[in-house]
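Engineer:
In the UniProt record's numbering, the protein residues as written are 1 to 442.
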């Protein structure tokens, strides 16, 4: 009965788009291919040992029966795409969709990586049951295997398919669906990554408080009392830096710092989700180095050829974490320099200009006083020529921070950065092996 119903539905779907004669032929061929390609697709309530191991929905679910019910009305957001060699997948040649899942209560969140083929396999599995057609509304036709379907239509089809499943009271707790979306069993969640300020590091000679005059010390104390509480902007050396910029005008410094603290309270996460950070940092595209420069500034290593995200939200989230981690946990003077490595770079690694513009605006508006120098290593000659042309148009402060050099010229930086340490991270043959779990200490 279910087989006849499936053939009828396939024929009906084809009638909407093509003629009856072509639809009949296509329906027969599709039905034959369906039964030939999926001989054991019939789903039982209990999984058997002869199921395929490489399909994610066939993996044993870590959830019990009660938690399986909670997938009903769960939220799914497409966060981006990853190549197989960048994802934790068996097939390294496929493109994988990264989905951010969350339960209706918003407390439990996790990421999954699934290929288009995985979604099609799940659809074939569910179509073999009677549950897929219980709703009055006709189920979505996607995901289909048509090679003519472009990426946009595929994503739209997948979104409709996933939404249909998660809004279906029966399918949302089906064992195959529960295993496919693989909700983690977290009896004691540890997603939050707390951060702190190492105030005991504030003893660097470049900011020796004994060298401050009594008037400067009083201005710093006065500014501390006027500002709202903030972990970073209670540090005397930071307030000294801002007051020095405004020629020790307390009112002007207060206005600027209050606007920054207001942004930090509304936009900056109080804790950082390690699941998102693992996804963003796994390729080693950006991280804080394991050594400081000669001015005690943290060094952020940026490798553009390892870009792995297309989500604006997650991209900026990662940038915020990297900057805050470097300023609050690494640098004794709460300052950061940046090394951008263009080795092996090509246009396919270029980040979206909208994302890049938002990142630049954020840094320029809220972190510019913490920024040291920006070292650009092995910039392609055509970009170097363009940069030299626009360099006179930059403001003097930004222009003085920008340094262009080749890998062979890194020894010239020994007065500001140890070239031996830097060559472990950048250039054609870096030896530093980035480990995201050690980096996040999780």
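Glycine included, every Cβ here is placed at the ideal spot set by N, Cα and C.
Who are the Cβ neighbours of residue 410 in its own chain at under 7 Å, not counting the five residues just before and after it?
Structural biologist: Closer than 7 Å at Cβ, skipping near neighbours: 419, 422, 423.
Engineer: Less than 8 Å between the beta carbons of residue 227 and residue 257, yes or no?
Structural biologist: Cβ distance < 8 Å, so residue 227 and residue 257 count as in contact.
Engineer: With a threshold of 8 Å between beta carbons, is residue 232 in contact with chain B?
Structural biologist: The question asks about chain B, but that chain is absent: this structure has only one protein chain.
Engineer: Measure from the alpha carbon of residue 101 to the alpha carbon of each residue in 417, 73, 242, 393, then state which is nearest.
Structural biologist: Here the closest residue by C-alpha is 73.
Engineer: Helix, strand or coil, according to DSSP, for residue 245 in the structure here?
Structural biologist: Reduced to three states, the DSSP call for residue 245 is helix.
Engineer: Which residue or residues does DSSP assign as beta-bridge partners of residue 80?
Structural biologist: Note: residue 80 sits in a beta bridge opposite 98.
Engineer: Please name the residue, chosen from 319, 379, 383, that lies closest to residue 356 on a Cα-to-Cα basis.
Structural biologist: Out of 319, 379, 383, 319 has the C-alpha closest to the C-alpha of residue 356.
Engineer: So, helix, strand or coil for residue 416, using DSSP?
Structural biologist: It is coil, neither helix nor strand.
Engineer: Just confirm the distance between the C-beta atoms of residue 339 and residue 301, as a whole number of angstroms; I'd bet it's less than 8 Å.
Structural biologist: Contact holds; Cβ gap of about 5 Å.
Engineer: Just the C-alpha distance for residue 392 and residue 109, rounded to the nearest angstrom, thanks.
Structural biologist: Between residue 392 and residue 109, the C-alpha separation is close to 47 Å.
Engineer: Report the rounded CA-to-CA distance for residue 123 versus residue 299, giving the unit in angstroms.
Structural biologist: C-alpha separation (whole angstroms): 48 Å.
Engineer: May I ask you to report which of helix, strand or coil DSSP gives residue 373?
Structural biologist: DSSP places residue 373 in strand when its eight states are reduced to three.
Engineer: By the DSSP assignment, the alpha helix (DSSP H) with residue 439 in it spans what residues?
Structural biologist: Segment 436 to 440, the alpha helix (DSSP H) holding residue 439.
Engineer: Within its chain, find whatever has a CB closer than 8 Å to the CB of residue 380; leave out the 5 residues flanking it on each side and keep chain order.
Structural biologist: Counting only Cβ-Cβ distances below 8 Å, and skipping sequence neighbours, we find 342, 345.
Engineer: To the nearest angstrom, report how far apart residue 78 and residue 214 are at their CA atoms.
Structural biologist: About 56 Å.
Engineer: Counting C-beta neighbours from all protein chains within 10 Å, is the total for residue 279 16 or more, i.e. buried, or is it exposed?
Structural biologist: Buried is the call here.
Engineer: If you draw a straight line from the C-alpha of residue 176 to the C-alpha of residue 168, how long is it?
Structural biologist: Rounded to the nearest angstrom, the two C-alpha atoms are 14 Å apart.
Engineer: In chain order, which continuous runs of the beta strand (DSSP E) of length 3 or greater are located wholly inside the region 262 to 339?
Structural biologist: List check, beta strand (DSSP E) in window: 286 to 292, 298 to 303.
Engineer: Which stretch, first to last residue, makes up the beta strand (DSSP E) that contains residue 111?
Structural biologist: From DSSP, the beta strand (DSSP E) with residue 111 extends over 109 to 115.
Engineer: Just the Cα atoms here: how many angstroms apart are residue 97 and residue 248?
Structural biologist: Taking the straight line from one Cα to the other gives about 52 Å.
Engineer: From the DSSP output, in three-state form, read off residue 55 for me.
Structural biologist: Its pLDDT being 42, under 50, residue 55 is placed unreliably in this model, and the coordinates cannot settle the point.
Engineer: Identify, in the order they occur along the chain, each residue of the same chain with its Cβ nearer than 7 Å to the Cβ of residue 330, setting aside the five sequence neighbours on each side.
Structural biologist: Cβ within range, chain order: 288, 298.
Engineer: Going straight from the alpha carbon of residue 120 to that of residue 308, what length do you get?
Structural biologist: Roughly 24 Å between the two C-alpha positions.
Engineer: Which residues in the same chain as residue 397 place their Cβ atom closer than 6 Å to its Cβ, once the five residues preceding and following it in sequence are excluded?
Structural biologist: Taken in chain order, the list of residues that qualify is empty.
Engineer: In three-state terms, what does DSSP make of residue 191?
Structural biologist: The predicted position of residue 191 is uncertain, since its pLDDT is 45 and thus under 50; no value can be drawn from it.
Engineer: Per DSSP, what kind of secondary structure is residue 221 in: helix, strand or coil?
Structural biologist: In the structure shown, residue 221 sits in a helix (DSSP, three-state: H, G or I).
Engineer: Can you tell which of 440, 321, 161 has its C-alpha closest to the C-alpha of residue 127?
Structural biologist: Selected option, being the one with the closest Cα: 161.
Engineer: Is DSSP giving residue 405 helix, strand or coil here?
Structural biologist: In the structure shown, residue 405 sits in a strand (DSSP, three-state: E or B).
Engineer: Enumerate in chain order the residues of its own chain whose CB-to-CB distance from residue 65 is below 7 Å, with the five nearest sequence positions on each side excluded.
Structural biologist: Residue placement at residue 65 is poorly supported in this model, since its pLDDT is 38, which falls under 50; the coordinates still yield a value, given next. Within the same chain, residue 65 has no close Cβ partners at all.
Engineer: Are the CB atoms of residue 337 and residue 290 within a distance shorter than 8 Å?
Structural biologist: No. Outside cutoff.
Engineer: Can you give the Cα-Cα distance for residue 205 and residue 236, rounded to whole angstroms?
Structural biologist: Confidence is the limiting factor: at residue 205 the pLDDT is only 46, short of 50, which leaves the residue's position unreliable, though a coordinate-based value still follows. Going by the C-alpha atoms only, they are around 14 Å apart.
Engineer: On the three-state DSSP scale, how would you describe residue 75?
Structural biologist: Strand.
Engineer: If you run the structure through DSSP and keep just helix, strand and coil, what is residue 341?
Structural biologist: In the structure shown, residue 341 sits in a strand (DSSP, three-state: E or B).
Engineer: Would you report the Cα separation of residue 116 and residue 95, rounded to the nearest angstrom?
Structural biologist: Near 8 Å, if we compare the C-alpha coordinates of residue 95 and residue 116.
Engineer: Can you list, in chain order, the residues of its chain whose CB lies under 8 Å from that of residue 224, leaving out five sequence neighbours each side?
Structural biologist: Hits under 8 Å: 234, 236, 239.
Engineer: Near residue 431, which residues of its chain fall below 6 Å by C-beta distance, leaving aside the five closest residues on each side in sequence?
Structural biologist: Excluding residues within five positions, the ones whose Cβ falls inside 6 Å are 424.
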